[in-house]
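Before any comments, here is the structure.
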Amino acid sequence: MQIDEMIMAVQKAVGVEVDGKAGPQTWGAIYAALVKETIARKPPVEAIERVDDRSERTIATLLPEVRPFARALVQKAAANGIQIKVISGHRTYEEQDALYAQGRSKPGQRVTNARGGYSNHNFGIAFDVGVFSGSKYLGESPKYRGVGVLGADMGLEWGGNWTSLVDQPHFQLRPSWAQGMKEKDMLAEFRRRVAAGIPAYA
Ligand SMILES: [Zn+2]
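Below, the structure written as structure tokens:
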């Protein structure tokens, strides 16, 4: 199912204006009414039509709940004339520690302030996108802001809205139990859940 058809089907089902533009409310309904059920019944890869191979490889590392949002963002961006790919997804604690060492105990530029267990990427709820022009990756582009607006409109949290460390390529799907929670408290709860084997979105 294409993303706009899905949005309109959900809007019709929940009885709101059918305009094909999903705000947070429609996205909540999409998740509750369609996506979650689809995920339970068949492979999550089928919840929303697949995107490009590189993005799909990254999306496969994310939690099933996050995958439809990542795909939808790629499709929404394309519909708005912006080519993006999902280029970074889940990282293990070890991979995060290696990244943290860069620019500290190892050579290179510092790329993160988070050690293993202290990044949302360690829990499969976060992904980074790259803006592309054909096959060329654009590390900096005003288009990141446009993608941020689209993502926030879907109910994703956008790193470009952060005040301490602005991170425009970054998106994450905050669980409902974490609404209004401080980032560090949410991360602590994620670490607790991983250690206790409790699902992230339960
Ligand atoms: Zn990120």
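If you want our numbering, it's the 1-based position in the sequence shown plus 4. Cβ atoms here follow ideal geometry from the backbone N, Cα and C, with glycine treated the same way.
Pairing L177 with F73 gives a Cβ-Cβ distance under 9 angstroms. Residue state for D56 is assigned as coil, using DSSP reduced to three classes.
For L77, the secondary structure class from DSSP, reduced to helix, strand or coil, is helix. Not one heavy atom of ligand 1 is found less than 8 angstroms from the C-beta of P179. Counting other Cβ atoms within 10 Å of its Cβ, K188 stays below 16 and is therefore classed as exposed. The beta-bridge partner set that DSSP reports for E161 consists of Q176. One thing to note: Q100 has its Cβ within 9 angstroms of the Cβ of R119.
Assignment of G134 by DSSP, reduced to helix, strand and coil, places it in the strand class. Just measuring C-alpha positions, the residue of R95, F131, T96 and A105 sitting nearest A76 is F131. In the same chain as A182, and ignoring 5 residues on each side of it, the C-beta atoms closer than 6 angstroms to its own belong to M190, in chain order. The beta carbon of G163 sits closer than 8 angstroms to at least one heavy atom of ligand 1. In its chain, beyond the 5 residues on either side, G163 have a beta carbon closer than 6 angstroms to the beta carbon of D171.
With 16 or more other CB atoms across the displayed protein chains lying within 10 angstroms of its CB, G155 is buried. I86 is not a Cβ neighbour of G134, given a cutoff of 9 angstroms.
For A130, the distance from the CB to the nearest heavy atom of ligand 1 is below 8 angstroms. Bridge partners of I88 according to DSSP: V135. The beta-carbon distance between E53 and Q6, rounded to whole angstroms, is 6 angstroms. This is short enough to meet the 8 angstroms contact definition.
Cα atoms of E98 and S123: separation of roughly 12 angstroms, rounded to the nearest angstrom. Secondary-structure assignment with DSSP links Y122 through no beta bridge to anything.
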